[in-house]
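Asker:
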Amino acid sequence: MGIITEIIWQKFCRDQIYDSHIPSVRISFGQDGVRLIKPTSIQFPAKYSYGTAERRMLPKILTWTSTVHKIQDCTVDNATIYLCSRWFTVGQDYITLSRGRSLNRL
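Residue numbers are given in the numbering used here: position 69 of the sequence shown equals residue 415, and the series is strictly consecutive.
1. Could you tell me the alpha carbon to alpha carbon distance between Tyr428 and Thr413, rounded to whole angstroms?
2. Quick check on the DSSP output: the beta strand (DSSP E) that includes Ile373 runs from which residue to which?
3. Buried or exposed: where does Val422 fall if 16 or more other Cβ atoms within 10 Å of its Cβ makes it buried?
4. Which runs of the beta strand (DSSP E) spanning at least 3 residues fall entirely within the segment 381–422, listed in chain order?
5. Just reading off the beta strand (DSSP E) that Thr442 is part of, what are its end residues?
6. Hey, how far is the Cα of Ile417 from the Cα of Arg447?
7. Tell me whether Ile368 is buried or exposed, calling it buried when 16 or more other Cβ atoms sit within 10 Å of its Cβ.
8. The beta strand (DSSP E) that contains Tyr435, what's its start and end?
See the structure below:
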C-alpha cells in the first residue's frame, strides 16, 4: 500500500474536460520509493453497438481507514493495523486484531 503525497494538476486547470486535464499522482510506497502514476485510458465497445466508449482514469485502488469502534461488527480480508500504546480501554487491541480473516493478511 502507498500514501498519496502529491496531486499534480496542470497550471490553472481544475476541471477534467480533456485527457490532459486529469492530474498525475505521486505515491510513496515507503521503502520501495516514490512513484508517479499517470492517467491512462481504455476503449471498449459501447452498448448496443453505438461505437466505442472510452474510460479515462488513474490506475489505483483506493483504501479507507476506520476506527476500532466502527470495525467491531465487521470482518475484513486485508488490514494494516497501527497498534499504539494509548488505547481507550483494555482489549481494544484484541478486538482490532480479531477482525481479520487470517493472520497472513494483517
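Quick reminder that beta carbons are idealized off the backbone N, C-alpha and C, glycines included.
Just so you know, these numbers come straight off a predicted model, no measurement behind them.
Answerer: For this structure:
1. C-alpha separation (whole angstroms): 11 Å.
2. Start and end: Ser370 to Ser374.
3. Looking at its Cβ environment, which holds fewer than 16 other Cβ atoms inside 10 Å, Val422 is exposed.
4. Complete beta strand (DSSP E) runs here, min 3: 386–391 and 398–403.
5. Careful: Thr442 lies outside any beta strand (DSSP E), inside the alpha helix (DSSP H) at Gln438 to Leu443.
6. Their Cα atoms are separated by approximately 13 Å.
7. Burial check for Ile368: the Cβ neighbour count within 10 Å reaches 16 or more, so the residue is buried.
8. Looking at the sequence shown, residue 435 is not Tyr but Thr. Taken as a continuous stretch (DSSP letters only), Thr435 belongs to no beta strand (DSSP E), as it is neither H nor E.
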